[in-house]
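Only one structure is covered here, and it is reproduced in the block below.
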Amino acid sequence: MNDTGNFVLKGRDNSSLWESFSFPADTILPLQELETGSVLNSRHSETNFSQGRFSLRFLDNGDLVLTARTLPNTTYDDVVYYDSQTSKPTNTSNSGYRLVFNRSGIISIVTSNNQTEQIGSPTLFPPVSEDYFRATLASDGILASYYHPRNSTGNQNWTVLWSKPDDICETAAAATGSGACGYNSICNLVNGRPVCECPDGYTLLDPNDKYGSCMPNYTQSCDEVEQGTAGELYDFVVINGADWPFSDYQVMTPSTEVGCREACLHDCFCAAAIFRNNTCYKKKLPLSNGWNSGVLNPVALLKYRKTCSGFYLIYKKNIVKSHPNGETNLRYFTYKELVEATNGFKEELGRGSFGIVYKGELQISSKSSAIAVKKLDRVAQDTEKEFRAEVNTIGQTNHKNLVRLLGFCDEGQNRLLVYEYMRNGTLSSFLFTTPKPSWKLRTQIAMGIARGLVYLHEECSTQIIHCDIKPQNILLDDYYNARISDFGMAKLLVMNQSRTLTNIRGTKGYVAPEWFRNTQVSAKVDVYSFGVLLLEIICCRRSVEDIESVEEGYAILTDWVWDCFQERRLDTLVENDSEALNDKTMLERFVKVGIWCVQEDSSIRPKMRKVSQMLDGIVEVMVPPCPSPFAS
1 MNDTGNFVLK GRDNSSLWES FSFPADTILP LQELETGSVL NSRHSETNFS
51 QGRFSLRFLD NGDLVLTART LPNTTYDDVV YYDSQTSKPT NTSNSGYRLV
101 FNRSGIISIV TSNNQTEQIG SPTLFPPVSE DYFRATLASD GILASYYHPR
151 NSTGNQNWTV LWSKPDDICE TAAAATGSGA CGYNSICNLV NGRPVCECPD
201 GYTLLDPNDK YGSCMPNYTQ SCDEVEQGTA GELYDFVVIN GADWPFSDYQ
251 VMTPSTEVGC REACLHDCFC AAAIFRNNTC YKKKLPLSNG WNSGVLNPVA
301 LLKYRKTCSG FYLIYKKNIV KSHPNGETNL RYFTYKELVE ATNGFKEELG
351 RGSFGIVYKG ELQISSKSSA IAVKKLDRVA QDTEKEFRAE VNTIGQTNHK
401 NLVRLLGFCD EGQNRLLVYE YMRNGTLSSF LFTTPKPSWK LRTQIAMGIA
451 RGLVYLHEEC STQIIHCDIK PQNILLDDYY NARISDFGMA KLLVMNQSRT
501 LTNIRGTKGY VAPEWFRNTQ VSAKVDVYSF GVLLLEIICC RRSVEDIESV
551 EEGYAILTDW VWDCFQERRL DTLVENDSEA LNDKTMLERF VKVGIWCVQE
601 DSSIRPKMRK VSQMLDGIVE VMVPPCPSPF AS
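Residue 1 is where the sequence shown starts when you use UniProt numbering, and the numbers rise one by one after that.
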């Protein structure tokens, strides 16, 4: 390694066999020169060093261009975010171009006859003898030149000299691709860098990718007729200055803002509308190249579904039958229909607290769709009540991290619930396997469950306590998104009543201590159960192990995790899990959140919203106390 930062491999005759300057990754250093055809590739994120979306290419004609892939498997020539325009018409042979990074942090394009074109215009000129310099293509697509004092003390950061492009959010040169941020997101320029955000009603598809795509928390299909008017079911978030310029499918002119709103409201294809200069631009999903200019014009109207605003679930055209006592708006199935759909209840998927679940097939919108049919047992007096509670509860929910109820059967002695089918089964069957599921996927699942519980606890007009959060009640869809299921245990709380008295509910190993104290319980019982589940997700082991087959102190997961945390042995929790061991910051954060959740004192436990924020890294996680301070 020489003083310039070039790592050189030399032969016996001292000749250079290989050098890092000839194979740059995302950074170049002073005195480094690149020939045409050279490429800088951004990393995926600050902590993920795999290849990212952006590429800086030094073309044969002398142009330096910043491009991005539109999809993971496409090439880096689809969308151009920056072009230096340094090709020279006089250089007809396109030869002799070099990219030079000098000692002062300036990048220049030099031709064979020494004509020079400077890239970037610094506002500062730090002394070369007193500072280090580098230029890096960051994961957000920004090429920047930095300097850092050689004699600095403490944690002084690198300072930006110049950066390109000037506004990556607005620089969308093609209708392909998602833009600087992911699909359905909005790019805001802050101090020259893109800050991506999901608008209201949308959440990140991958919580670990802050520049990734967002997905809506609701579904709207043109194949379905919905109970209630469009105005009762949907509304708009108004975002001044936002636009998704390449998602238009219909333009209406002249128009008014009210007319634009109404046109989108009653159009099942319309996800958003932009009103500008008496013209309405209707947009459909996915929304691409989203950005916010920060000015009042245009006006973006983003459609969202009102949460839990009554019974507004979906009717199918021409096949809906009214329920005898009119207590629900879900599709009503006859028992005969479900017998035929399940082929006589032939394929069992699993057994829940109040019945058995079977796989079935239904014709929906002229195609066959898999369903899950839960056949409730009539062996307990509470069964009928639980059936009514479950139908009414799920009938008011609509969130991507909840299993969707499609309909029900209430015919004589037969009571059944019909759900969408989750192809990847339960979290229990997924989690406790060898080899362990990937750490990244496990963390995404945990965050999804947390968001689902936030919705149940705080975002419905009537608060819902699940009461039985455990791996068997978490299902995984085609993309391994977590879906909370089995509301047979759910307990509704009247608005403004935060606590309720009820019989003990839940499953051994996940039940909060207050259930056994004949005291009032609150949504904090779900927080406790989630904490146990989170620790299971971290460690890939069950909450309670067979005492005879394990060493002392290991049998109870919560006790073992606390011991390892106190003794600074977190690596023991994820032994032989290299992905988790290489992500110790997130590992420690998740463990601390889990310990906060399983505090015996429910008043100490955080609410699910704060839990979700701590998992996402939005809120700092303090060091938790011992979860069982009074245990002997």
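All C-beta atoms, glycine included, are put in the ideal place defined by N, C-alpha and C. The model shown is predicted, which means the values in this text are computed figures rather than measured ones.
With distances taken from CA atoms, which of the options is nearest residue i?
| i | options | result |
| --- | --- | --- |
| PHE590 | TRP244, PHE432, VAL128 and LEU615 | LEU615 |
| SER522 | VAL532, ALA482 and LEU456 | LEU456 |
| GLU620 | GLU361, GLU588, GLN599 and GLU600 | GLU588 |
| MET586 | GLU567, ILE356, GLN444 and GLU600 | GLN444 |
| CYS264 | GLY344, ALA230, GLU600 and TRP244 | ALA230 |
| ARG271 | MET252, TYR234 and ASN277 | First, the amino acid is wrong: residue 271 is Ala here, not Arg. When each option's Cα is compared against that of ALA271, the closest is TYR234. |
| CYS280 | ASP468, SER293 and SER255 | SER255 |
| LEU349 | PHE432, THR426, SER108 and GLN32 | THR426 |
| ASN184 | ALA300, PRO627 and ASP166 | ALA300 |
| LYS607 | CYS540, LEU533, CYS268 and VAL527 | VAL527 |
| VAL237 | SER213, LEU302, PHE565 and PRO286 | LEU302 |
| ARG605 | ASN48, ILE618 and CYS626 | CYS626 |
| ASP63 | THR47, VAL39 and LYS210 | VAL39 |
| VAL623 | PRO30, GLY617, LYS470 and TRP596 | TRP596 |
| LEU338 | ARG415, ARG423 and CYS540 | ARG415 |
| ALA580 | VAL79, PRO437 and VAL128 | PRO437 |
Just checking my contact of residue i with residue j at CB under 8 Å: how many whole Å lie between their CB atoms?
| i | j | result |
| --- | --- | --- |
| ILE556 | VAL544 | 6 Å |
| GLY290 | ALA242 | 7 Å |
| LYS440 | MET215 | The pair is not a contact, with the Cβ atoms about 18 Å apart (cut-off 8 Å). |
| LEU161 | GLY105 | 5 Å |
| LYS283 | SER247 | 4 Å |
| ILE28 | PHE125 | No, ILE28 and PHE125 are not in contact; Cβ-Cβ is about 19 Å, not under 8 Å. |
| GLY407 | TYR332 | 6 Å |
| TYR81 | GLY141 | 6 Å |
| LEU534 | GLY448 | That pair is no contact at about 12 Å. |
| PHE58 | THR36 | 5 Å |
| ARG103 | PRO30 | 5 Å |
Go ahead and pull the three-state DSSP assignment for residue i.
| i | result |
| --- | --- |
| ARG542 | coil |
| ILE168 | coil |
| GLU348 | strand |
| ILE445 | helix |
| SER369 | strand |
| LYS283 | strand |
| ASP526 | helix |
| THR256 | coil |
| VAL593 | helix |
| LYS610 | helix |
| ARG261 | helix |
| LEU31 | coil |
| ALA555 | coil |
| GLY531 | helix |
| ARG568 | coil |
| LEU17 | strand |
| ARG605 | coil |
| PRO629 | coil |
| ALA300 | strand |
| TYR315 | Low local confidence applies: a pLDDT of 31 at TYR315 is under 50, so the model's placement there is unreliable, with the coordinate-based value given in what follows. Strand. |
Excluding sequence positions up to five away, which residues of its chain have a Cβ less than 6 Å from the Cβ of residue i?
| i | result |
| --- | --- |
| TYR554 | TRP560 |
| SER612 | ALA450, ARG451 and VAL454 |
| ASN473 | SER485 and ASP486 |
| LYS374 | GLY355, VAL357 and LEU417 |
| LEU362 | ALA341, SER369 and ILE371 |
| ILE319 | At ILE319 the pLDDT is 32, less than 50, meaning the model places this residue with poor confidence; the figure from the coordinates comes in the next sentence. No residues qualify anywhere along the chain. |
| PRO513 | GLU600 |
| PRO165 | TYR81, TYR82 and THR171 |
Below 8 Å CB to CB, which residues in the same chain sit around residue i once its five sequence neighbours on both sides are set aside?
| i | result |
| --- | --- |
| TRP18 | VAL8 and LEU9 |
| TYR249 | PHE269, LYS282, LYS283 and LYS284 |
| LEU570 | CYS564, LYS584, LEU587, GLU588 and VAL591 |
What residues in its chain sit with their C-beta under 7 Å from that of residue i, if we drop five residues either side in the sequence?
| i | result |
| --- | --- |
| TYR421 | LYS359, ALA370, ILE371 and ALA372 |
| MET1 | PHE7 |
| LEU501 | Any reading at LEU501 must be qualified, since the residue scores a pLDDT of 45, below 50, and its modelled position is unreliable; the value itself is stated next. Within the same chain, LEU501 has close Cβ partners GLN520. |
| ASP206 | GLY212 and GLN444 |
| ARG193 | ASP140 and ILE142 |
| GLU257 | PHE275 and VAL299 |
| GLU197 | SER185, ILE186 and ASN188 |
For residue i, is the beta carbon positioned less than 8 Å from some heavy atom of the ligand GDP?
| i | result |
| --- | --- |
| LEU362 | Among the components modelled here there is no ligand, and therefore nothing to report on the ligand GDP. |
Indicate whether at least one CB of chain C lies closer than 9 Å to the CB of residue i.
| i | result |
| --- | --- |
| CYS181 | Among the chains of the structure shown, chain C does not appear; only one protein chain is present. |
Length at least 3, wholly inside the region 79-151: the beta strand (DSSP E) runs in chain order: 79-83, 98-101, 107-110, 116-119, 131-137 and 143-149
Complete alpha helix (DSSP H) runs within the region 188-247 (minimum length 4 residues, chain order): 230-233
Inside the region 397-485 only - alpha helix (DSSP H) runs reaching at least 4 residues: 427-431 and 439-458
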